[in-house]
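S.K.: Before I ask anything, here is the structure I am working with.
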Ligand code: L34
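In structure tokens:
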């Protein structure tokens with residue numbers, strides 16, 4: 002089984018689009034996402050384009066703010082403050098990575114928690130780990146939706162997450178733990194990574210290196226989620242998993258492209274709606 006993020010996200014976006022007339026009637030407007038893109042990183046440009054396009058598809062409004070790579074940290078922080086204060090903006094996202102010289106954690110801290118559609122703000126991270134209601138980071142949330150889609154029961158299963166980043170590895174491990182999986186976080190210093198991976202009923206590869214997960218590292222029938230988006234020497238996108246080999250062994254697997262990437266964007270739409278609804282009910 003190939004878990005298509007393209008198809009699943011299209012279905013979920015259509016469901017969200019169907020809610021828009023009701024939201025507009027109830028609150029007088031549709032949700033609005035503001036995206037700040039600093040510099041001209043081609044990958045970031047492509048992902049941001051996807052985010053703006055998704056807003057159109059869902060029927061929400063968006064604001065794209067592009068800033069020169071030479072922008073100062075102070076200018077960027079001032080723009081964030083302006084968007085935090087804007088009553089008609091529900092979500093504020095600063096596309097990462099940022100140019101050298103800008104402190105990413107300072108930027109993330111500056112985004113108002115109520116508008117933190119990425120779920121990267123320390124308050125949202127703390128809430129996630131304390132089991133309090135919060136905005137979930139988009140990629141981990143999308144991964145859980147894809148696992149759900151396979152119909153497998155996560156409870157009691159062995160899950161191995163390869164990678165320990167703040168935006169994918171750590172939060173997806175927490176969500177798998179909440180779903181009652183037995184979770185291992187493996188990483189670049191893990192001894193005998195292949196043996197650790199072979200134990201996994203659910204394997205999440207979030208390393209950021211092409212084809213580090215090969216067929217021999219996969220337990221037959223396992224669910225394999227490939228978070229990698231690596232631009233190869235051939236100019237094409239490759240996952241962290243050697244797909245051609247892995248698809249023969251796995252029970253279900255996500256492709257790259259067309260897997261986790263589109264689901265990340267889809268969950269961003271869902272988070273924006275969530276922030277919108279919360280702000281509209283709290284602020285009247
Ligand atoms: N602030 N920065 C912030 N939030 C995020 O959620 C992200 N991320 C990651 C990078 N920086 C961020 C994304 O948006 C990764 N990411 C992302 C989003 C979308 C896609 C990939 C990564 C995506 O749509 N990938 C397509 C291919 C797109 C292409 O061809 O360039 C796919 O099918 O995988």
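In this note's numbering, the protein residues as written are 2 to 285.
Yeah, the Cβ is synthetic: ideal placement off N, Cα and C, and Gly gets one too.
Indicate whether residue 1 and residue 119 have their beta-carbon atoms separated by less than 9 Å.
M.R.: This structure cannot settle anything about residue 1, because the visible part of the chain is limited to 2 through 285.
S.K.: Could you tell me the alpha carbon to alpha carbon distance between residue 249 and residue 223, rounded to whole angstroms?
M.R.: 11 Å
S.K.: Between the C-alpha atoms of residue 29 and residue 59, what's the straight-line distance to the nearest angstrom?
M.R.: 17 Å
S.K.: Once you ignore the five residues that flank residue 31 on each side, which residues in its own chain have a CB closer than 7 Å to its CB?
M.R.: 21, 24, 25, 60, 61 and 62
S.K.: Tell me, to the nearest whole angstrom, how far the beta carbon of residue 160 is from that of residue 201; I am working on the premise that it is less than 8 Å.
M.R.: 6 Å
S.K.: Please tell me whether residue 260 and residue 227 are closer than 9 Å, where the distance is taken between their beta carbons.
M.R.: Cβ distance < 9 Å, so residue 260 and residue 227 count as in contact.
S.K.: The ligand L34 and residue 72: does any heavy atom of the ligand fall closer than 8 Å to the residue's C-beta?
M.R.: The nearest non-hydrogen atom of the ligand L34 is 8 Å or more from the C-beta of residue 72.
S.K.: Is the beta carbon of residue 244 within less than 8 Å of some heavy atom of the ligand SAH?
M.R.: Looking for the ligand SAH in the displayed structure turns up nothing; the ligands present are the ligand L34.
S.K.: DSSP three-state label for residue 107, please.
M.R.: Correct three-state label for residue 107: helix.
S.K.: Does the Cβ-Cβ distance between residue 266 and residue 17 come in under 9 Å?
M.R.: no
S.K.: Counting Cβ pairs closer than 8 Å, one from the stretch 131 to 147 and one from the stretch 175 to 184, do we hit at least three?
M.R.: yes
S.K.: Can you check which of these residues, 236, 213, 149 and 126, is closest to residue 138 by C-alpha distance?
M.R.: Nearest option by C-alpha distance: 126.
S.K.: Following a CB-centred definition, is residue 158 positioned closer than 8 Å to any heavy atom of the ligand L34?
M.R.: no
S.K.: Does the Cβ of residue 273 lie closer than 8 Å to at least one heavy atom of the ligand L34?
M.R.: no
S.K.: Cutting at 6 Å between CB atoms, please list the residues of its own chain near residue 40, excluding the five before and the five after it.
M.R.: 70 and 100
S.K.: What are the boundary residues of the alpha helix (DSSP H) that residue 80 is part of?
M.R.: 74 to 86
S.K.: If you draw a straight line from the C-alpha of residue 90 to the C-alpha of residue 141, how long is it?
M.R.: 24 Å
S.K.: Give the DSSP-derived three-state secondary structure of residue 165 in the structure shown.
M.R.: coil
S.K.: Is it the case that the CB of residue 45 approaches a heavy atom of the ligand L34 more closely than 8 Å?
M.R.: Residue 45 Cβ: within cutoff of the ligand L34.
S.K.: What number of angstroms, rounded off, separates the C-alpha of residue 1 from the C-alpha of residue 76?
M.R.: As shown, the chain starts at 2 and ends at 285. That puts residue 1 outside it, with no answer to give.
S.K.: Pick out whichever of 155, 136, 170 and 47 has its Cα sitting closest to the Cα of residue 181.
M.R.: 155
S.K.: For the ligand L34, any of its heavy atoms closer than 8 Å to the Cβ of residue 100?
M.R.: For residue 100, the shortest separation between its Cβ and any heavy atom of the ligand L34 does not lie below 8 Å.
S.K.: For residue 2, count neighbouring C-beta atoms within 10 Å of its own C-beta (all shown protein chains included) and say buried if the count is 16 or more, exposed if not.
M.R.: exposed
S.K.: Alpha helix (DSSP H) containing residue 92: first to last residue?
M.R.: Counting along the chain, residue 92 falls outside any alpha helix (DSSP H), though it belongs to the beta strand (DSSP E) covering 92 to 95.
S.K.: My assumption, with CB atoms under 8 Å, is that residue 199 sits in contact with residue 186. Please give the rounded CB distance.
M.R.: Not quite, the Cβ-Cβ distance comes to about 16 Å (not below 8 Å), so this is no contact.
S.K.: If you drop the 5 nearest sequence neighbours on each side, which residues of the same chain put their C-beta closer than 7 Å to that of residue 170?
M.R.: 162, 164, 186 and 207
S.K.: Whole-angstrom Cβ separation of residue 239 and residue 257, contact assumed at under 8 Å?
M.R.: Rounded, the Cβ-Cβ distance is 6 Å, consistent with contact.
S.K.: Keeping to the same chain, check which residues put their C-beta closer than 8 Å to that of residue 197; ignore five residues upstream and five downstream.
M.R.: 161, 185, 187 and 191
S.K.: When you compare the CB positions of residue 111 and residue 78, do they come within less than 9 Å of one another, or not?
M.R.: yes
S.K.: For the ligand L34, I want to know if residue 258 counts as a neighbour, meaning its beta carbon is within less than 8 Å of at least one of the ligand's heavy atoms.
M.R.: Checking every heavy atom of the ligand L34 against the Cβ of residue 258, one is found closer than 8 Å.
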